[in-house]
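In this note's numbering, the protein residues as written are 4 to 411.
Below, the structure written as structure tokens:
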């Protein structure tokens with residue numbers, strides 16, 4: 004047995020990035036930078052480029068569990084593994100694999116080889132057979148190619164061979180920052196943080212805007228929005244949150260509008276204001292958590308009426324999802340508990356019993372002709388607070404003691 008000690012690496016495979024054409028390197032570079040930012044402070048450094056994968060050297064002090072925990076929330080990663088590298092020699096591969104096999108008895112296994120380096124003299128099947136035979140001779144394990152307890156994976160590249168025993172599924176999608184910027188309308192509810200998450204998954208930089216009913220309501224929804232935005236930063240979201248009070252404007256809309264049109268007019272106000280934030284942030288679109296037919300304001304005719312004032316595209320990543328699907332995703336990304344906390348917000352302020360479900364553009368034009376919309380938009384923007392959710396002193400547990408009981 005030789006004294007050779009294989010080096011330990013983080014091996015990252017990407018999915019649809021690999022299908023890009025001439026600008027693929029831009030996406031790969033963005034993913035590399037996002038990974039390094041996510042793993043900052045750990046003993047991890049980038050290694051030289053390999054075909055179709057990103058490779059990072061793991062230092063001796065690094066805890067793999069912490070690397071895996073952080074990397075699971077990086078969009079653009081299809082799967083990743085802790086891997087070891089050996090020279091392009093079959094004997095070196097066999098020796099290193101046997102030295103690193105988990106100490107288990109009587110389990111089933113399979114060997115799977117991918118050979119990017121076609122100049123290597125052995126085929127993938129040859130490697131599978133030789134390495135499998137060596138493992139069988141050294142252990143009491145048996146081969147099961149269909150449902151193995153352990154899979155030994157080998158990747159033959161041009162400078163070396165990698166092997167690993169476990170794949171960790173990544174978040175997939177596109178690297179955050181490669182698809183431009185969107186401004187997301189973030190309420191304190193369940194849907195809008197999930198919408199922000201999906202926009203992050205498609206590679207967008209997401210800046211959140213929260214509208215609240217102050218001074219006519221408490222700022223409870225703002226506290227929730229800060230915490231939701233903070234959670235989203237763990238997936239690559241921007242730490243910047245625009246918090247905008249519109250309670251007084253809503254009171255004016257209530258006073259000067261038919262009750263059944265209030266909800267649509269509130270939403271048109273939010274779109275107008277969010278567009279101005281989008282211009283400041285260089286955003287190319289807005290995004291919302293609307294799902295078709297989920298509530299009265301989300302019928303096709305109402306969505307059309309709301310979108311009429313938009314000069315930018317309004318993206319609705321949840322449009323075809325039902326509530327159960329949205330709730331399941333919110334639970335998975337850990338926003339559900341915060342969203343479920345009670346608290347007044349602008350969406351429940353001055354809501355009529357019977358909101359219109361088929362808003363007419365002509366009727367809206369008549370109503371808005373009597374209203375000072377430019378003045379209202381300016382007023383909303385002048386009251387905006389720009390919050391760094393990492394620096395905010397708000398403690399969600401102080402404002403919502405019922406969460407303490409839920410977490411106990």
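Note that beta-carbon positions come from the ideal geometry of N, C-alpha and C, so glycine has one too.
All values derive from a computational prediction rather than experimental measurement.
Note to self: I need the straight-line Cα distance from residue 272 to residue 253, nearest angstrom please.
What the structure shows: Here residue 272 is taken as the residue at index 269 of the chain shown, counted from 1. Here residue 253 is taken as the residue at index 250 of the chain shown, counted from 1. So the alpha carbons of these two residues sit roughly 9 Å apart.
Margin query: By alpha-carbon positions, which one of 129, 144 and 386 ends up nearest to residue 152?
Written below: On the chain shown, position 149 is the one that residue 152 refers to. Among 129, 144 and 386, the Cα nearest to that of residue 152 is on 144.
Item checked: Entirely enclosed beta strand (DSSP E) segments - the stretch 134-179, minimum 3 residues -> 153-159 and 164-167
Next item on the list: Using the Cα positions of residue 98 and residue 9, report the straight-line distance between them to the nearest angstrom.
Entry: Within the chain shown, numbered from 1, the residue matching residue 98 stands at position 95. Within the chain shown, numbered from 1, the residue matching residue 9 stands at position 6. C-alpha of residue 98 to C-alpha of residue 9: approximately 10 Å in a straight line.
Check: Just how far apart, CA to CA, sit residue 279 and residue 205?
Finding: Taking the first residue of the chain shown as 1, we reach residue 279 at position 276. Taking the first residue of the chain shown as 1, we reach residue 205 at position 202. Approximately 23 Å, taken between the alpha carbons.
Check: Is the number of C-beta pairs between the stretch 13-33 and the stretch 166-178 that are closer than 8 Å three or more?
Finding: Note that the stretch 13-33 touches the stretch 166-178; at least 3 beta-carbon pairs, one per stretch, sit closer than 8 Å.
Margin query: Once DSSP output is grouped into helix, strand and coil, what is the label at residue 30?
Written below: Translated into the one-based positions of the chain shown, residue 30 becomes position 27. In this structure, residue 30 counts as helix in the three-state DSSP scheme.
Notebook entry, point to check: Which residues in the same chain as residue 411 place their Cβ atom closer than 7 Å to its Cβ, once the five residues preceding and following it in sequence are excluded?
Noted result: By 1-based counting over the chain shown, the position of residue 411 is 408. Any reading at residue 411 must be qualified, since the residue scores a pLDDT of 41, below 50, and its modelled position is unreliable; the value itself is stated next. So the list is empty, once near-sequence residues are dropped.
Notebook entry, point to check: When DSSP builds the beta bridges, which residues end up paired with residue 289?
Noted result: Your numbering for residue 289 matches position 286 in the chain shown. 186 and 317, per the DSSP bridge assignment.
Margin query: Output needed for residue 242: all residues of its chain with C-beta closer than 6 Å, excluding positions within five of it in sequence on either side, in chain order.
Written below: Residue 242 sits at position 239 when you count from the first residue of the chain shown. Once the five neighbours on either side are set aside, the close Cβ partners of residue 242 are 236, 391, 392 and 393.
Check: Between which two residues does the beta strand (DSSP E) carrying residue 244 extend?
Finding: The sequence position of residue 244 within the chain shown is 241, counting from 1. Per DSSP, residue 244 belongs to the beta strand (DSSP E) from 243-248.
Item checked: Limits of the alpha helix (DSSP H) - the one that residue 264 falls within -> The residue given as residue 264 occupies position 261 in the chain shown. Element bounds for residue 264: n/a, residue is neither H nor E.
Margin query: Between which two residues does the beta strand (DSSP E) holding residue 238 run?
Written below: If you number the chain shown from 1, residue 238 lands on position 235. Looking at the DSSP string, residue 238 is not in any beta strand (DSSP E), and its letter there is neither H nor E.
Check: Buried or exposed: residue 128, going by 16 or more other Cβ atoms within 10 Å of its Cβ?
Finding: Working through the chain shown from its first residue, we reach residue 128 at position 125. The residue is exposed, with fewer than 16 neighbouring Cβ atoms inside 10 Å.
Margin query: Residues in the same chain with beta-carbon distance under 7 Å from residue 320, minus the five sequence neighbours each way, listed in chain order, please.
Written below: Counted from its first residue, the chain shown places residue 320 at position 317. So the list reads 198, 201, 202 and 290, once near-sequence residues are dropped.
Notebook entry, point to check: Who pairs with residue 388 in a beta bridge, going by DSSP?
Noted result: In the chain shown, counting from the first residue as 1, residue 388 sits at position 385. DSSP output for residue 388 lists 246 as bridge partner(s).
Checklist line | Strand pairing of residue 86, partner residues [DSSP] | finding: Taking the first residue of the chain shown as position 1, residue 86 is located at position 83. DSSP lists 12 as partners of residue 86.
Checklist line | Other residues of its chain near residue 14: CB distance less than 7 Å, five sequence neighbours each side excluded | finding: For the purposes of this step, residue 14 is taken as the residue at position 11 of the chain shown. Only 56, 58, 83, 84, 86, 165 and 167 meet the Cβ criterion.
Margin query: Would residue 275 and residue 312 be called neighbours here (beta carbons separated by less than 8 Å)?
Written below: Position 272 of the chain shown, counted from the first residue, corresponds to residue 275. Position 309 of the chain shown, counted from the first residue, corresponds to residue 312. For residue 275 and residue 312, yes; Cβs fall inside 8 Å.
Item checked: Burial state of residue 46 (16 or more Cβ within 10 Å) -> In the chain shown, counting from the first residue as 1, residue 46 sits at position 43. Label assigned to residue 46: exposed.
Item checked: Contacting residues, own chain, Cβ-Cβ under 7 Å from residue 148 (five flanking each side not counted) -> As a working note, residue 148 is residue 145 in the chain shown. Excluding sequence neighbours, residue 148 sits near 113.
Item checked: Contacting residues, own chain, Cβ-Cβ under 7 Å from residue 378 (five flanking each side not counted) -> In the chain shown, the residue the question calls residue 378 occupies position 375. Once the five neighbours on either side are set aside, residue 378 has no close Cβ partner at all.
Item checked: Limits of the unbroken beta strand (DSSP E) element including residue 197 -> Taking the chain shown and counting its residues from 1, one reaches residue 197 at position 194. Unbroken run through residue 197 is the alpha helix (DSSP H), 194-204; no beta strand (DSSP E).
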